[in-house]
Amino acid sequence: MHSSSNVLDQMAFIADKKSIIFKRTLEEDCIVYGDSDRLQQVIRNLLDNAIHYTPSGKSISIELQVHQGVAELKVTDEGSGIPKEDLPHVSERFYRVNKARTRKDGGSGLGLAVVYQIIKKHHGTFDIQSEPGIGTTAIIQLPNTPFTEDVPTK
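Take 1 as the starting number for the sequence shown in UniProt numbering and just add one per residue.
Right, dumping it as structure tokens:
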């Protein structure tokens, strides 16, 4: 996670500009094996979504901890939340919860689909829990052991 500190610092700066409280709880010396650039892209995509959907004065938190050989990353926001009927579709390419949004409003509908694919290639899991009006938590679990094969980067 150390190599991701620049991403976290950049996203904390963006959150601060929007008056969003940015909290970090990161387990010391946690090593996550895989493609560093792609894993940083995952963090950036998740935090970008959280910042986009969280109003000023609310908070975003990122937590990283290890449980029984699994690194777990959680990004939680106090944003608008995602309706239950949309949750199964958020990792589909070009899916937008708000159909009225267009590309000029920001985003392409690819962010969470990209996250899902990267995590899948790293032999991990990706889950979203959300409550409309309360917020959303993205949960990623990755094996905390070296791979016996190369992780594809494309």
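The beta carbon of each residue, even a glycine, is placed where N, CA and C say it ideally should be.
As the structure is a computational prediction, the values presented were derived from the model and not from experiment.
Check                                                                        : Outcome
Residues that DSSP places opposite L26 in a beta bridge                      : L64
For I20, the three-state DSSP class (helix, strand or coil)                  : coil
Distance, K23 Cα to H123 Cα                                                  : 27 Å
First through last residue of the beta strand (DSSP E) which encompasses G57 : Neither: G57 is in no beta strand (DSSP E) and is coded neither H nor E.
Cβ-based burial, D29 [other Cβ within 10 Å; buried from 16]                  : exposed
Opposing strand residues paired with D77 [DSSP bridges]                      : I60, T136
Heavy atom of the ligand ZN within 7 Å of Y116 beta-carbon                   : The model depicted lacks the ligand ZN and carries no ligand whatsoever.
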